[in-house]
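Student: The sequence shown begins at 29 in the numbering used here and counts up one residue at a time.
Glycine residues also receive a C-beta, built at the ideal position from the N, C-alpha and C atoms.
Before I ask anything, here is the structure I am working with.
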Amino acid sequence: MDRNTFRNTVSEYILDAVPKSLIYNLDNFGIRMKKGEYWIDLSLENFYKGYCRQKPSMRHIYISEVLAPFIKDLRRESGVNHHDVKENINHVFPLIIGSQDRKGIVTTPLTDNLFIAYVLDQGMRIFFIEEATLDSLHISVEQIKQLALKNFFRDQTKPLQVFDEKRHIYGFNYGDSYDSSRLLSIIYRPQEHGIPPHRRVYVMVPNRDVVLLFYSPEESDLRQSIMIGRSSFLNNPYPVSPELYQVRQGVILKSSRF
């Protein structure tokens, strides 16, 4: 099945399940589902890849399982609420975002322009937890932070990847929702990546899809690495920060270098 046929198949399934809903095609291989005043966007890229990996006999079941939470929300014409968060508290995770994305949601600052947001992960979609939701749950920001970190270190940690061995560039780029959040493992658990707690490492988090760590002692290599990080920030749909940071002994600070 090609991509356009898959998009049409998904749209037809949604319309069959929720006949009064509306479907709009989006650029970059996505759709928008709408019913009443409620709408939600779905990127089809990973959905399509997962579909192609299924045995033909299992593909219809796969579509129904992935779309089930979207169908539920369309029928009630609203997204998740504090009851959903409470029932799925083990699926609340931290997400590193930039200052431009923090309006109206619960966040904890890491630096002046790096923040931990908190999301409920529902498989193919994530929902940012808002202040009203936290109030309804009767828990503090510090409590949601500790819950999210516990869940994150249980489910979402990954080993460092080698991006450029010659220039000693490492980092995270696994293609899921939590690559930027893996900065937290460098801050809180550096030893799990073979980094002594006392060692200073330079880090960039240009967008949600990549974290860059620079190990080279050569100034020319570091300058080139910073250029790569800043170019990854520009024109990205999920920018975080173009700044260079340093991490040491569980503390992250904006670097004064360059």
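Can you tell me where the beta strand (DSSP E) holding L142 begins and where it ends?
Tutor: Sequence index remark: in the sequence shown, residue 142 carries index 114 (1-based). Run containing L142: L142 to D149, per the beta strand (DSSP E) assignment.
Student: Specify the secondary structure class of N235 as computed by DSSP and reduced to three states.
Tutor: Counting from 1 along the sequence shown, the entry for residue 235 is found at position 207. Three-state DSSP puts N235 in a strand.
Student: According to DSSP, which residues form a beta bridge with V108?
Tutor: In the sequence shown, residue 108 corresponds to position 80, counting from 1. DSSP, once it has assigned bridges, lists no residue as partnering V108.
Student: What is the residue span of the beta strand (DSSP E) that G126 lies within?
Tutor: In the sequence shown, the residue the question calls residue 126 occupies position 98. Counting along the chain, the beta strand (DSSP E) containing G126 begins and ends at V120 to G126.
Student: Suppose the cutoff is 8 Å on Cβ atoms and the five residues either side in sequence are ignored; what does the same chain contact list for Y41 look like?
Tutor: In the sequence shown, residue 41 corresponds to position 13, counting from 1. Hits under 8 Å: I91, S92 and L95.
Student: Report the option in P84, I215 and I144 whose CA atom is closest to the CA atom of M29.
Tutor: Reading the sequence shown from its first residue, position 1 is the one you call residue 29. It is P84 whose Cα lies nearest to the Cα of M29.
Student: Quick check: what's the CA-CA separation for N53 versus L72?
Tutor: In the sequence shown, residue 53 corresponds to position 25, counting from 1. In the sequence shown, residue 72 corresponds to position 44, counting from 1. So the two alpha carbons sit approximately 11 Å from each other.
Student: Buried or exposed: Q184, going by 16 or more other Cβ atoms within 10 Å of its Cβ?
Tutor: Stepping through the sequence shown from its first residue, residue 184 is reached at position 156. Result: buried.
Student: Taking the alpha-carbon positions, what's the I154 to T37 distance?
Tutor: Residue numbering aside, residue 154 sits at position 126 when the sequence shown is read from its first letter. Residue numbering aside, residue 37 sits at position 9 when the sequence shown is read from its first letter. Each residue's Cα considered, the two are about 23 Å apart.
Student: From the DSSP output, in three-state form, read off L272 for me.
Tutor: To locate residue 272, count along the sequence shown from 1; it is residue 244. Three-state DSSP puts L272 in coil, outside helix and strand.
Student: I'd like the ranges of any alpha helix (DSSP H) spanning at least 4 consecutive residues and lying wholly in the stretch 154–189.
Tutor: Complete alpha helix (DSSP H) runs here, min 4: 159–165 and 169–183.
Student: In whole angstroms, what is the alpha-carbon distance linking Y66 and D44?
Tutor: As a position in the sequence shown, residue 66 is number 38, starting the count at 1. As a position in the sequence shown, residue 44 is number 16, starting the count at 1. Cα-Cα distance, rounded: 18 Å.
Student: Helix, strand or coil for M61? Go by DSSP, reduced to three states.
Tutor: For the purposes of this step, residue 61 is taken as residue 33 along the sequence shown, with counting starting at 1. Residue state, collapsed to three classes: strand.
Student: Three-state secondary structure (DSSP) at V94?
Tutor: Here residue 94 refers to the residue found at position 66 when the sequence shown is read from its first residue. V94 falls in the helix class under three-state DSSP.
Student: How many Å lie between P270 and M255 at the Cα?
Tutor: Here residue 270 is taken as the residue at index 242 of the sequence shown, counted from 1. Here residue 255 is taken as the residue at index 227 of the sequence shown, counted from 1. About 9 Å.
Student: Applying the 10 Å Cβ sphere with the 16-neighbour rule, what's the burial state of I89?
Tutor: For the purposes of this step, residue 89 is taken as the residue at position 61 of the sequence shown. Classification of I89: exposed, given that the 10 Å Cβ count is below 16.
Student: Since T135 sits in a beta bridge, which residues does DSSP pair it with?
Tutor: By one-based count along the sequence shown, residue 135 stands at place 107. DSSP lists A145 as partners of T135.
Student: By Cβ distance below 8 Å, which residues in the same chain neighbour Q128 in space, the five residues on each side in sequence not counted?
Tutor: Position 100 of the sequence shown, counted from the start, is the residue given in the question as residue 128. Contacts found: P267.
Student: Taking the C-alpha atoms as reference points, what is the distance between I124 and K114?
Tutor: Here residue 124 refers to the residue found at position 96 when the sequence shown is read from its first residue. Here residue 114 refers to the residue found at position 86 when the sequence shown is read from its first residue. In a straight line, the C-alpha of I124 is about 22 Å away from that of K114.
Student: Residues in the same chain with beta-carbon distance under 8 Å from R227, minus the five sequence neighbours each way, listed in chain order, please.
Tutor: Here residue 227 refers to the residue found at position 199 of the sequence shown. Only P218 and R276 meet the Cβ criterion.
Student: Which residues does DSSP list as the beta-bridge partners of K282?
Tutor: Counting from one through the sequence shown, the residue named residue 282 turns up at place 254. According to DSSP, K282 bridges with Y273.
Student: Evaluate M86 with the Cβ neighbour count: other Cβ atoms within 10 Å of its Cβ, from every protein chain shown; 16 or more gives buried, anything less gives exposed.
Tutor: Numbered from its first residue, the sequence shown carries residue 86 at position 58. M86 comes out exposed.
Student: Would you kindly work out how many angstroms separate the C-alpha atoms of D207 and T33, rounded to a whole number?
Tutor: On the sequence shown, residue 207 is found 179 positions in, with the first residue counted as 1. On the sequence shown, residue 33 is found 5 positions in, with the first residue counted as 1. Rounded to whole angstroms, D207 to T33 spans 30 Å at the Cα level.
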